[in-house]
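Residue numbers (the working numbering), protein chains in the order written: chain U, 690 to 851; chain H, 690 to 851. Beneath this line is the structure, given in structure tokens, with notes to follow.
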DNA sequence: TACAATTAGATTGTACACAATTAAATCAGG
DNA sequence: CCTGATTTAATTGTGTACAATCTAATTGTA
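Shown next, in the form of structure tokens:
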């Protein structure tokens with residue numbers, strides 16, 4: 690006998706299957722994007738996470754490690770070694786804040802600033818090549834951001850419980 | 690003077706900005722999903738990539754490393770050490786194929802098979818908690834899969850050129 | 001049959017991610 | 001002014017990712 694809301698609420702199995710497919714799709718897509726950018730960024734001597742870091746610094750100017758982390762959703766365990774590599778590559782400076790010795794200010798060197806122009810020269814973006822209509826891409830962006838926020842809320846409230 | 694297709698074709702800057710936002714959203718979303726699954730999978734002693742590997746094996750039965758890799762889009766550099774960890778955890782077996790000594794067959798042990806039931810017991814899926822309507826999630830899945838395929842095509846044809 | 005090309009995995013080296021811990025600096029209540 | 005709590009980075013340890021290289025097995029073909 691069908692339940693009142695059958696057809697509206699999925700059964701557990703099909704929900705689980707959709708869950709797995711969607712999570713895998715996000716994961717696989719993310720790695721495919723890394724793979725696309727690699728040869729372009731190789732020429733600039735950057736990795737994709739380093740490129741994201743520069744995007745933020747180009748936009749915001751000087752930031753602390755903490756602020757960088759909250760924009761990129763990364764913690765010091767990831768950022769500290771990456772920033773050290775970027776520092777020894779001459780792209781950024783890392784210096785303790787004189788006002789609060791706990792903080793480390795991250796800022797661009799001339800070389801790091803100069804890469805901005807080179808990065809703009811990437812002739813075609815991924816999306817132009819992808820041949821998908823802009824409207825669809827904006828829609829996709831909105832949904833992904835929505836989903837990420839939802840999961841983030843779940844994760845954060847989960848973390849608080851402990 | 691506006692070009693004929695202005696408003697239809699985005700300018701380079703806004704395209705670049707959308708590109709960056711979308712790529713970051715996929716990347717951030719992927720990590721948020723990992724973070725969501727971690728406490729659930731910790732109880733089973735699994736990581737998310739190991740869980741994905743088991744999902745495939747539960748579905749397909751015995752597979753070679755190569756076949757596993759083409760389903761998960763991972764190469765032996767990633768799979769070999771991960772499969773060794775799963776083997777020493779008693780979840781899978783790895784044995785050279787007698788017919789073709791180059792191949793390594795990966796199959797489930799009783800323990801690995803048994804985890805399937807425990808994994809089904811994960812009470813609520815991510816998506817049920819996310820509170821987003823099924824239609825929207827299926828739509829998102831389709832678009833992500835489409836995007837991934839497009840990028841994969843680009844990447845593969847790029848790789849052929851060299 | 002030789003033997004060059006191909007294929008499947010393993011290995012090596014670099015670079016994230018992230019949980020857990022540590023250490024130093026700052027803050028806040030008494 | 002102290003001292004315990006909090007905040008900020010750094011460190012440690014484990015586990016992916018992935019390019020590049022290597023080795024052994026197999027295949028295609030002259």
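We put the beta carbon where it would ideally sit given N, CA and C, even for glycine.
With 16 other Cβ atoms within 10 Å as the buried cut-off, status of residue i
i	result
residue 721/U	buried
residue 837/H	buried
residue 708/H	buried
residue 767/H	exposed
residue 769/H	exposed
residue 801/H	buried
residue 832/U	buried
residue 741/H	buried
residue 846/U	exposed
residue 819/H	buried
Neighbour flag for residue i against chain H, beta carbons, 8 Å
i	result
residue 708/U	yes
residue 807/U	no
residue 820/U	yes
residue 794/U	no
residue 691/U	For residue 691/U, the pLDDT reaches just 49, beneath the cut-off of 50, and the residue's location in the model is therefore unreliable, leaving the point undetermined.
residue 814/U	yes
residue 695/U	Model confidence at residue 695/U stands at a pLDDT of 46, short of 50, so the residue's coordinates are unreliable and nothing is read from them.
residue 711/U	yes
residue 729/U	no
residue 768/U	no
residue 784/U	no
residue 830/U	yes
residue 748/U	no
residue 791/U	no
residue 739/U	no
residue 757/U	no
Assumed close pair residue i, residue j - CB separation to whole angstroms, cut-off 8 Å
i	j	result
residue 795/U	residue 781/U	6 Å
residue 739/U	residue 771/U	6 Å
residue 737/U	residue 719/H	That belief does not hold up - the Cβ atoms of residue 737/U and residue 719/H are roughly 12 Å apart, past 8 Å.
residue 753/U	residue 779/U	About 21 Å; that fails the 8 Å criterion.
residue 805/H	residue 747/H	5 Å
residue 785/U	residue 844/H	Actually they are not in contact, since the Cβ atoms of residue 785/U and residue 844/H sit about 42 Å apart, beyond 8 Å.
residue 821/H	residue 839/U	7 Å
residue 808/U	residue 733/U	7 Å
As assigned by DSSP and simplified to three states, the class of residue i
i	result
residue 753/U	strand
residue 811/U	coil
residue 786/U	coil
residue 826/H	helix
residue 735/H	coil
residue 763/U	coil
residue 843/U	helix
residue 780/H	coil
residue 707/U	helix
residue 821/H	coil
residue 695/H	Legend: pLDDT at residue 695/H = 46, less than 50; position of this residue unreliable, value from coordinates given subsequently. It is a strand residue.
residue 835/H	helix
Residue i beta carbon near the ligand FAD (any heavy atom closer than 7 Å)
i	result
residue 754/H	Ligands displayed in this structure: none; no statement on the ligand FAD is therefore possible.
Cutoff 8 Å: residue i Cβ touching any chain U Cβ
i	result
residue 721/H	yes
residue 921/H	As shown, chain H starts at 690 and ends at 851. That puts residue 921/H outside it, with no answer to give.
residue 775/H	no
residue 804/H	no
residue 743/H	no
residue 752/H	no
residue 826/H	yes
Residues that residue i contacts on chain H, provided the C-beta gap is smaller than 7 Å
i	result
residue 715/U	715, 718, 719, 722, 833
Partner residues on chain U for residue i, Cβ-Cβ distance less than 7 Å
i	result
residue 817/H	704
residue 843/H	725, 818
9 Å Cβ cut-off: residues of chain H touching residue i
i	result
residue 780/U	In chain order: nothing, as chain H lies at least about 18 Å away.
Listed by chain order, chain H residues near residue i by CB distance under 8 Å
i	result
residue 836/U	718, 819, 821, 829
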